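What the sequence shown shows, in our numbering, is residues 17 to 142, in sequence order.
Cβ atoms here follow ideal geometry from the backbone N, Cα and C, with glycine treated the same way.
Please read these numbers as outputs of a predicted model, since none were measured by experiment.
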Amino acid sequence: MPPLTLGQLRRLMPQVRQLTEIGASMGEAQIAVLVDIVTAALQRNYPETTPEKVENLLDLGNASAVLNAVLTGSGLKPGGVPAGEPPAPGIGPGANKPSLAAISETVITGEKFTASSLQPAGIAIP
17 MPPLTLGQLR
27 RLMPQVRQLT
37 EIGASMGEAQ
47 IAVLVDIVTA
57 ALQRNYPETT
67 PEKVENLLDL
77 GNASAVLNAV
87 LTGSGLKPGG
97 VPAGEPPAPG
107 IGPGANKPSL
117 AAISETVITG
127 EKFTASSLQP
137 AGIAIP
């Protein structure tokens, strides 16, 4: 799954913040936001991808993992800190909080985003 470019991420960040939970309780607006984010990511490698195609690929079983792949690949990670940077010390928002709620608090309003990525597969050495 390709990550979002900085331009896509900047443009879509208000929509990313609208997502509070991926699941059966999602409304039409949240589904539309999810589809927009995934469509933008896929269009980097597959420009012919349309929101309609993405709607027909995603379901409640894979939507959370796909969104997590896009967001973490784009540099967002649990902890609310861009990937590759250590968390800043201090008493500000997010300090001393569990990492599970970090994307929820920093990127997405609410505390119910629980997507996780699969562990990378080992590389076979001949």
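Could you check what DSSP says for L28 in three-state terms: helix, strand or coil?
Helix at L28.
Considering only heavy atoms of the ligand GTP, does any lie closer than 8 Å to the CB of R26?
Annotation note on the ligand GTP: not contained in the displayed structure, which lists no ligands.
Alpha carbons only, please: which of Q34, L50, G43 is nearest the one belonging to N72?
Residue L50 is the option with its Cα nearest to N72.
Am I right that V82 and P19 are in contact with their C-beta atoms under 8 Å? What's the rounded C-beta distance?
Contact flag wrong, Cβ pair sits at about 12 Å.
Just verifying my parser: in three-state terms, what is the DSSP assignment at E44?
E44: helix per DSSP, three-state reduction.
What's the gap between the Cα of Y62 and the Cα of R27?
Rounded to the nearest angstrom, the two C-alpha atoms are 19 Å apart.
Could you please give the first and the last residue of the uninterrupted alpha helix (DSSP H) stretch that includes G89?
Element bounds for G89: 79-89.
With burial defined as no fewer than 16 other Cβ atoms inside 10 Å of the residue's Cβ, what is the status of S41: buried or exposed?
S41 comes out exposed.
Under 9 Å, do Q24 and A48 count as touching if we go by C-beta distance?
No, the pair does not count as a contact, with Cβ atoms beyond the cut-off.
Between which residues of its own chain and I38 is the CB-CB distance below 6 Å, once the five residues before and five after are set aside?
The residues are A79, S80.
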